[in-house]
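A.B. asks: Here's a structure for you.
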Amino acid sequence: MGQVLALAFVLLLFGLGTRGFFLSPKNLSTILSLAGIPLIICLAIHQVVLIGAMDLSTEGIISLCAVVAGFLIRNPFNALDLGFWTVPLVLALGAAAGSLNGLLNTKVRMPSFISTLGMWWVAQGVAVILGRGNAVKMLDPRFQPFTNGEVAGIPITMLLALGLGALLLVLQRSTRLGKFMYAIGGDEALARQAGIRVDRVKVLVFTLTGAIYGLAAILLISRLASSNPRAGNGLLFPAMTAVAVGGVSLSGGIGGAVNAVFGTLIVTALNNGMVLMKISPYVQNAVNGIVLIAAVALTLNRKKLGIIK
Amino acid sequence: MRQSILEALAVGKSYPGVAALKGVDLAVYPNEILGLVGENGAGKSTLMKILIGLENPDSGEIRLRGARAELAGPAAAIRGGVGMVFQEGCLLPNLSIADNLFLCHEEGFRRWGLLSGRRQAAEAHRQLEAVGLPRLDPRTIVGELSASQKQMVEIARLLWLSRLYGVENPALILDEPTTVLQDNEVRILFDILSRLKEQASILFISHRLEEVLQLADRICVLKDGSVAAMLDRGQATTRGVARLMVGHELAEERCRESLQTAPGSEAVLEVEGLGLAGRFRDFHLRLARGEIVSLVGLLGSGKEEVCRCLSGSRKPDQGTILLEGRKMRFASPKDAIAAGIGCVPIDRRNEGLATSLDVASNINLLVLRRLSGGPLLSPRRERQNAGRWVEECLVKTPSLQTLCANLSGGNQQKVVIAKWLAAEVRVLILDHPTRGIDVGAKDEIYRRIRELAASGISLVIMCDTLEEDIGLAHRLVIMKDGRIVRDLACPRGAKPSPLDVIGDIV
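Protein chains in written order, with the numbering used here: chain A, 1377 to 1685; chain B, 292 to 797.
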């Protein structure tokens, strides 16, 4: 509910600030097209946050997937031309990296925020080594529709993102896995006591999240029409902000796909609005930071954390 | 002889330094409510943990419907028809009632491969009706429920699970269910339990004797890890059961009584009209120099909160605290420490001691200001101070640099006391100072408490057993339901017997 109000507030604020241009159909369509990929990434991360864990490896895994995808789709560097077969392969790569995150968390018993921080740099490093720092041009025209295609005025990337959101919503509300995720996010010890195989569920969620990163990578390089080892840069922060702003509790167990959608819309609209108002990019950064901190301050369940480290 | 539902046969369990259970025999029969009573430390919780599979017995066995059972944990226990409602609850606060009821057993609610929320809600509604909550919406988030509603949901879950596993007449264990309830909620709970008797057996654990006598068909009295008596409802009286609970004669010299010195005449701590809404009210206390006062009462009598208010970790709503005639207002434990009131909490490992730090760091923790030469700490003075108090308090440690985690419980407790002595407190609050400490170390703690009192430090204590309270204290302050009900002197050589006191407590 608060999220709807926040979105309305942002829309109203910039609507007034830009004398209505912000709310013009043209700009709203721009916001939707800008929000597509961030929404997919936000949906990926919010799953991990729901089970009470954290994933910071986003940018590394997306960069790695982007580089590999670039070399699998028709390109000037090698003879490979896998077309859409690239998609399952890159999703599998993302899933593998994600499952590694999950295993580090559950089997090595590391706090996920630190293991995924490490994974970020590992994947980023491998991406640079594989890509040798080059941008790889995409020569396959079949990926074109993901650049700027629309159906009924809604960008295709956004439709894909919403479709993914709907799938995850069903997963969360109407499957055992979904119930288990909320239970684990609520209290891992009690969930284990109830008989849930906690480690398996957690690895599964991290894996799913990794696969979604793979999807984001493919859409990203389609939009850029080339891939490079820095493709994922700068994607984590807005997505994490969207998770928090949307009302997914960083202490786990509260929120869902709908929250991710609202969070992403709020963050994207906010940034679009600030650009239109010609606010300095440095101020924009600071505003985003403040929004993240404020959102977490509002949604964190401190009772559950006990000691805050 | 009827077939028992759940039976413990000669069950024994020891922890390092303590024999918690010494061959307990206990049987729960179909359609009965069995009350289990005993003092703190009598072994009630250990017995429950074994019945539910959280702990393995060292000797003896558990039988379910006459067959020997090895329980791997609560999940296995409920499959065998034994379920427990834990004091702290085991419902997930962020899930709805329906989700909690069926957690991990949602298979039956699939429709087209997906879980049907409507079917779950309908079934949940039926389950809630069975435990007297027909008007509660099964989609309510559990975190929003009252304590009694949560208990009912837990009971509903256990009943539903046992039916799912095809168990007739499951055994439900309720651990102190009434401590979190209001009076009218207790009545409702008892109504429902009496009705549930037709389809389940109930093991009801409580130390409120009136409640047990009112509810239970039979009463088992546990004392020092053994069954002291098994009574039928008609045979039992509050006083009789209380007598059985505290049992044997007070051993002479058990608490170093001969070292008890007369307290000074001047008051160190004066408390007037202290109150905390819903916990206790009108609490008053005059603590003389070198006096040991023991707060006695059941869980929920308010004594814990009194101590929290005195040590600054809670703010009282009303009343005054005078320390040596000066009015005190504690905003935090820091203020209380600065004023000279120390507290040794019950939970040493989490609250009293930084177990990941070494002995010296713990002892010096509160007096670092005194140990610095200029802006930096002086390692020499740190060593001196820590060394002095380790000697004074007879802490057995390989070195000052030993991590406190590696010390025994008794020595950890001595480090905590050393820390407070180093801080030169005038009043020390000891919350169950001998909890989890073996017999030999207990004696040293008793001796230490005597020495503290003799040196002019005033103490407020809460002990594990009534005998300890009476043995150690100059005076007992007995609390019940948030009020002081009796103030009783315990002079050397003329100590009251626990039996004189127990009637006021329960």
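Glycine is no exception: its CB is placed at the ideal position from the N, C-alpha and C atoms.
Considering residue 596(B), what are the terminal residues of the alpha helix (DSSP H) in which it resides?
C.D. replies: 594-601
A.B. asks: Looking at the structure shown, is residue 761(B) part of a helix, part of a strand, or coil, going by DSSP?
C.D. replies: helix
A.B. asks: Do you know how far the Cα of residue 1625(A) is from the Cα of residue 1640(A)?
C.D. replies: 15 Å
A.B. asks: With a threshold of 9 Å between beta carbons, is residue 607(B) in contact with chain A?
C.D. replies: no
A.B. asks: Identify which residue in 502(B), 496(B), 506(B), 497(B) has its Cα closest to the Cα of residue 487(B).
C.D. replies: 506(B)
A.B. asks: Does any residue of chain B bring its CB to less than 9 Å from the CB of residue 1630(A)?
C.D. replies: Yes, because at least one Cβ of chain B sits closer than 9 Å to the Cβ of residue 1630(A).
A.B. asks: Rounded to whole angstroms, what's the CA-CA distance from residue 579(B) to residue 747(B)? Just pull it up for me.
C.D. replies: 9 Å
A.B. asks: Taking 9 Å as the threshold (beta carbon to beta carbon), is residue 407(B) in contact with chain A?
C.D. replies: yes
A.B. asks: Compare the beta carbon distance of residue 514(B) and residue 298(B) with 9 Å and say whether it is the shorter of the two.
C.D. replies: no
A.B. asks: With a Cβ-Cβ cutoff of 9 Å, do residue 516(B) and residue 312(B) count as a contact?
C.D. replies: yes
A.B. asks: Taking just the CA atoms, how far does residue 1594(A) sit from residue 1460(A)?
C.D. replies: 10 Å
A.B. asks: Give me the residue from 389(B), 470(B), 510(B) with the minimum Cα distance to residue 591(B).
C.D. replies: 470(B)
A.B. asks: Is the CB of residue 555(B) under 9 Å away from at least one CB in chain A?
C.D. replies: Judged by the 9 Å Cβ criterion, residue 555(B) is not in contact with chain A.
A.B. asks: For chain A, is any of its Cβ atoms less than 9 Å away from the one on residue 365(B)?
C.D. replies: yes
A.B. asks: If the cut is a Cβ gap below 9 Å, which residues of chain A does residue 395(B) touch?
C.D. replies: Per Cβ cutoff of 9 Å: 1552, 1555, 1556, 1559, 1567, 1570, 1571, 1572.
A.B. asks: Who does residue 514(B) pair with in a DSSP beta bridge?
C.D. replies: 517(B)
A.B. asks: Leaving out five residues before and five after residue 543(B) in sequence, what residues of the same chain have Cβ atoms less than 7 Å from its Cβ?
C.D. replies: Bear in mind that a pLDDT of 47 at residue 543(B), under 50, signals an unreliable position, so the model cannot answer this.
A.B. asks: Assign residue 732(B) to buried or exposed, taking buried as 16 or more other Cβ atoms, counted over all protein chains shown, within 10 Å of its Cβ.
C.D. replies: In this structure residue 732(B) is buried. Its beta-carbon is surrounded by 16 or more other beta-carbon atoms within 10 angstroms.
A.B. asks: In chain order, which beta strand (DSSP E) runs of at least 3 residues are fully inside the segment 388-412 of chain B?
C.D. replies: With a minimum length of 3 residues, no continuous beta strand (DSSP E) run stays inside the segment 388-412 of chain B.
A.B. asks: Please tell me whether residue 543(B) has its Cβ less than 9 Å away from any Cβ of chain A.
C.D. replies: Any answer about residue 543(B) is weak, because its pLDDT of 47 lies below 50 and its placement is not dependable; what the coordinates show is given next. Answer no: the Cβ-Cβ gap between residue 543(B) and chain A never drops below 9 Å.
A.B. asks: Look at the alpha carbon of residue 325(B) and the alpha carbon of residue 492(B), and state the distance between them as a whole number of angstroms.
C.D. replies: 8 Å
A.B. asks: For residue 528(B) and residue 472(B), what's the separation of their Cα atoms in angstroms?
C.D. replies: 24 Å
A.B. asks: Leaving out five residues before and five after residue 674(B) in sequence, what residues of the same chain have Cβ atoms less than 8 Å from its Cβ?
C.D. replies: 651, 691
A.B. asks: For residue 385(B), would you say it is in contact with chain A, using Cβ-to-Cβ distances shorter than 9 Å as the test?
C.D. replies: yes
A.B. asks: Indicate the three-state DSSP secondary structure (helix, strand or coil) for residue 1549(A) in the structure shown.
C.D. replies: Residue state, collapsed to three classes: helix.
A.B. asks: By Cβ distance below 8 Å, which residues in the same chain neighbour residue 790(B) in space, the five residues on each side in sequence not counted?
C.D. replies: 533, 534, 537
A.B. asks: Pull up the DSSP beta-bridge partners for residue 1581(A), would you.
C.D. replies: Answer by DSSP bridge pairing: none, since residue 1581(A) is not bridged.
A.B. asks: With a cut-off of 9 Å, does the C-beta of residue 1562(A) fall near any C-beta of chain B?
C.D. replies: yes
A.B. asks: So residue 381(B) contacts chain A; which residues on that side make the cut at Cβ distance below 8 Å?
C.D. replies: 1566, 1569, 1570
A.B. asks: Is residue 436(B) near residue 444(B), with beta carbons less than 9 Å apart?
C.D. replies: Yes; because the gap between Cβ atoms is below 9 Å, this pair is in contact.
A.B. asks: Beta-carbon separation of residue 500(B) and residue 319(B) under 9 Å?
C.D. replies: no
A.B. asks: Using the DSSP secondary-structure output, state which residues sit across from residue 752(B) in a beta bridge.
C.D. replies: 585(B), 721(B)
A.B. asks: DSSP puts residue 1603(A) in a beta bridge; with which residues?
C.D. replies: 1512(A)
A.B. asks: Just to make sure I have the definition right: I need the residues of chain A whose C-beta is within less than 9 Å of the C-beta of residue 390(B). Which are they?
C.D. replies: 1555, 1558, 1559
A.B. asks: Pair every Cβ in the segment 1553-1562 of chain A with every Cβ in the segment 1571-1581 of chain A, then say whether three or more of these pairs are closer than 8 Å.
C.D. replies: Short answer: they touch.
A.B. asks: Within the 9 Å Cβ cut-off, does residue 398(B) reach chain A?
C.D. replies: yes
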